[in-house]
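What follows is a single structure, written as structure tokens, with notes after it.
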Amino acid sequence: MKRILVSAYAISPYRGSEYGAAWNTILNLAKEHKLWVLYGISDEHMGDTDSLKNYLKYNHIANVDFIEVRANKLALSINLLNKIGFGWMFYLAYYLWQKSAFDTAKRIVDEQDIQLVHQLGPIGFREPGFLWKLNKPFVWGPIGGTVKIDDRLLVGRSTKSKFLFNSKNIINWYQLQYSSRVRQAMNRANILIAATSADQQNIKKYYGLPSYLLSEQGPIATLELDDNRYLNTLDCLEIIWCGTLIDRKNLSLLLQALAFVKRRKWKLHVVGAGPLLQSLNDLAIALQINDQIEWHGLVERQEALRIMANAHLHIITSITEGNPSVMFEALSYGVPTLTLDHSGMRDTLCERCSIKISVNKQPLMLKEIVSRINFLLDNPAFLNQLSKSTVECSHKHSWPNRLKLLNHWYEEAETNWLTGKQLV
Numbered sequence: 001m002k003r004i005l006v007s008a009y010a011i012s013p014y015r016g017s018e019y020g021a022a023w024n025t026i027l028n029l030a031k032e033h034k035l036w037v038l039y040g041i042s043d044e045h046m047g048d049t050d051s052l053k054n055y056l057k058y059n060h061i062a063n064v065d066f067i068e069v070r071a072n073k074l075a076l077s078i079n080l081l082n083k084i085g086f087g088w089m090f091y092l093a094y095y096l097w098q099k100s101a102f103d104t105a106k107r108i109v110d111e112q113d114i115q116l117v118h119q120l121g122p123i124g125f126r127e128p129g130f131l132w133k134l135n136k137p138f139v140w141g142p143i144g145g146t147v148k149i150d151d152r153l154l155v156g157r158s159t160k161s162k163f164l165f166n167s168k169n170i171i172n173w174y175q176l177q178y179s180s181r182v183r184q185a186m187n188r189a190n191i192l193i194a195a196t197s198a199d200q201q202n203i204k205k206y207y208g209l210p211s212y213l214l215s216e217q218g219p220i221a222t223l224e225l226d227d228n229r230y231l232n233t234l235d236c237l238e239i240i241w242c243g244t245l246i247d248r249k250n251l252s253l254l255l256q257a258l259a260f261v262k263r264r265k266w267k268l269h270v271v272g273a274g275p276l277l278q279s280l281n282d283l284a285i286a287l288q289i290n291d292q293i294e295w296h297g298l299v300e301r302q303e304a305l306r307i308m309a310n311a312h313l314h315i316i317t318s319i320t321e322g323n324p325s326v327m328f329e330a331l332s333y334g335v336p337t338l339t340l341d342h343s344g345m346r347d348t349l350c351e352r353c354s355i356k357i358s359v360n361k362q363p364l365m366l367k368e369i370v371s372r373i374n375f376l377l378d379n380p381a382f383l384n385q386l387s388k389s390t391v392e393c394s395h396k397h398s399w400p401n402r403l404k405l406l407n408h409w410y411e412e413a414e415t416n417w418l419t420g421k422q423l424v
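In full-length UniProt numbering, the protein residues as written are 1 to 424.
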């Protein structure tokens with residue numbers, strides 16, 4: 001059992017995405033290690049931690065000390081701009097939070113016999129924190145967010161959206177190339193973990209360093225399929241799409257494709273809310289498919305999982321992603337995923353659990369999505385078999401397997417640190 005200090009800014013037993021990724025990682029690491037976990041948010045905004053604190057009042061997590069790092073007044077003041085829509089101001093507030101986390105970490109290292117430090121999350125490369133400055137073996141990852149957004153996926157976007165996405169591409173390139181602190185953290189790390197193969201390639205390209213590959217997410221459970229859920233020739237194809245209704249999630253691509261599906265024996269469940277709700281609803285009405293869509297809105301996590309469990313097909317249309325938690329939820333429930341072939345979906349999903357759509361010009365992607373959905377409607381037996389093999393595929397991403405990898409990398413990090421071996 002190792003004694004590990006972990007930085008996990010966003011963590012929650014109730015939420016998905018980065019919050020859930022950190023929570024599930026901590027729960028599984030705690031089965032074999034003693035952990036001190038630094039965190040700063042469990043709810044909507046920096047400093048909002050009530051839900052986690054209330055959970056911990058009534059639920060003891062063995063081998064874990066959760067340590068809230070309170071953002072200072074300056075960080076909270078700056079984050080007010082993030083709350084009202086100036087999203088990039090978050091990174092300045094987050095930088096200041098990391099400074100506070102480092103002060104707390106130094107105190108813990110002085111008081112406890114910490115053997116190893118893990119910068120766990122969030123996964124974005126642009127803010128490595130400061131824990132790499134501690135005189136301890138240092139693991140960083142999974143690391144994501146390094147990948148350039150494909151220009152073909154920006155066709156048809158608004159001028160504002162194109163500007164924002166292209167600005168992000170430029171800022172990413174600049175920070176990958178010139179951020180001294182990111183480079184220092186990369187070079188100081190005893191083990192680096194990339195979130196996707198594209199991130200792995202960029203870590204090698206920009207820093208000349210090797211990294212292991214592991215998604216930040218994992219399956220939520222290993223479940224048996226309910227045979228009664230299987231699709232037959234008389235059924236309606238139940239499709240689920242989950243996410244925030246923003247440009248990056250690209251729901252409009254799916255809506256446009258569904259308008260051309262030849263048979264109307266399908267129903268789309270949209271789980272999520274966001275600023276584009278009205279415009280997407282208007283698009284569905286214009287395409288004359290809105291009567292086949294159920295807009296669930298923002299629902300409790302258990303309700304979202306219930307909808308997933310009753311679906312036949314899960315669809316991801318995002319312009320860019322890391323490893324979305326909903327992809328692993330679909331795996332866990334034996335729901336095959338139709339997805340654009342990029343980001344973490346390319347690495348995690350295979351032909352036995354997914355249908356991949358090549359990233360291409362929009363008319364070609366639309367044509368391929370329509371063709372694949374038409375095929376599934378005409379061949380329900382194929383989809384049923386895909387459901388069964390999806391559960392089998394989820395096993396290779398199981399938490400016991402992930403824990404074995406992390407344990408091996410922790411050992412390697414300690415060895416590299418003790419021997420002074422550099423990552424090359």
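In this text, a Cβ means the ideal position worked out from N, Cα and C, and glycines have one as well. Since the model is a prediction, treat every value here as computed from it, not as a measurement.
With a threshold of 16 other CB atoms inside 10 Å of the CB of residue i, please say whether the residue is buried or exposed.
i: Arg152; result: exposed
i: Asn379; result: exposed
i: His395; result: exposed
i: Lys136; result: buried
i: Asp347; result: buried
i: Asp199; result: buried
i: Arg15; result: buried
i: Phe328; result: buried
i: residue 436; result: The structure shown does not extend to residue 436, since the chain spans only 1 to 424, so no value can be given for it.
i: Ala62; result: exposed
i: Ala195; result: buried
i: Ile357; result: buried
i: Phe130; result: buried
i: Gly243; result: buried
i: Ser167; result: exposed
i: Val155; result: exposed
i: Asn202; result: buried
i: Met1; result: exposed
i: Pro111; result: The question names Pro, but residue 111 is Glu in the sequence shown. By the 10 Å Cβ count, Glu111 comes out exposed.
Check whether the Cβ of residue i lies closer than 7 Å to any heavy atom of the ligand HEM, and answer yes or no.
i: Asp50; result: Of the ligands one can find in the structure shown there are none, so the ligand HEM has no counterpart to examine.
What span of residues does the alpha helix (DSSP H) with residue i cover, start to end?
i: Pro77; result: A quick correction: the sequence has Ser, not Pro, at residue 77. 73 to 83 is the span of the alpha helix (DSSP H), which, as asked, contains Ser77.
i: Glu294; result: Where Glu294 is concerned, there is no enclosing alpha helix (DSSP H), although the beta strand (DSSP E) it sits in stretches over 293 to 297.
i: Glu351; result: Segment: none, Glu351 is in no alpha helix (DSSP H) and carries neither H nor E.
i: Val69; result: Per DSSP, Val69 belongs to no alpha helix (DSSP H) and is neither H nor E.
i: Thr339; result: Taken as a continuous stretch (DSSP letters only), Thr339 belongs to no alpha helix (DSSP H), being part of the beta strand (DSSP E) at 337 to 340.
i: Trp417; result: 399 to 419
i: Ile307; result: 301 to 309
i: Leu29; result: 17 to 29
i: Thr104; result: 89 to 111
i: Val326; result: 325 to 332
i: Asp50; result: 50 to 58
Starting from residue i, trace the beta strand (DSSP E) both ways and give me its first and last residue.
i: Gly121; result: 116 to 121
i: Ile240; result: 237 to 242
i: Val6; result: 3 to 8
i: Gly141; result: 138 to 143
i: Tyr39; result: 34 to 39
i: Ile316; result: 313 to 316
Tell whether a beta-carbon distance below 8 Å holds between residue i and residue j.
i: Val335; j: Leu313; result: yes
i: Gly121; j: Glu216; result: yes
i: Arg372; j: Leu423; result: no
i: Gly141; j: Arg402; result: no
i: Met186; j: Leu209; result: yes
i: Phe138; j: Trp132; result: yes
i: Leu377; j: Lys205; result: no
i: Leu134; j: Ala101; result: no
i: Ser17; j: Ser325; result: yes
i: Ala311; j: Glu411; result: no
i: Val370; j: Val261; result: yes
i: Leu277; j: Leu245; result: yes
i: Tyr91; j: Ile41; result: no
i: Trp409; j: Ile191; result: yes
i: His45; j: Lys83; result: yes
i: Ile193; j: Ser211; result: yes
i: Ile11; j: Leu56; result: no
i: Arg3; j: Lys31; result: no
Handout entry: Ranges of the alpha helix (DSSP H) found wholly within the stretch 172 to 232, counting only runs of at least 4
Key = 180 to 188, 197 to 207
Practice task
Report the residue ranges of all alpha helix (DSSP H) runs contained in full by the stretch 359 to 389; include only those spanning at least 4 residues, in chain order.
Solution key: 362 to 378
Exercise for the section: Decide if the stretch 59 to 79 is in contact with the stretch 26 to 34; the criterion is three or more beta carbon pairs, one per stretch, under 8 Å apart. Expected result: yes
Practice task
Tell me, please, whether the stretch 244 to 261 touches the stretch 312 to 319 by the rule of three or more beta-carbon pairs shorter than 8 Å.
Solution key: yes
Handout entry: Inter-stretch contact (C-beta, 8 Å, three-pair minimum) for the stretch 281 to 296 and the stretch 172 to 179
Key = no
Handout entry: Given 8 Å, three or more beta-carbon pairs between the stretch 154 to 166 and the stretch 108 to 125
Key = no
Problem - Three or more C-beta pairs below 8 Å linking the stretch 266 to 279 and the stretch 291 to 305 - result: yes
Handout entry: Complete beta strand (DSSP E) runs within the stretch 239 to 288 (minimum length 3 residues, chain order)
Key = 266 to 271
Problem - Segment contact flag, the stretch 382 to 396 with the stretch 349 to 356, C-beta cutoff 8 Å, min 3 pairs - result: yes
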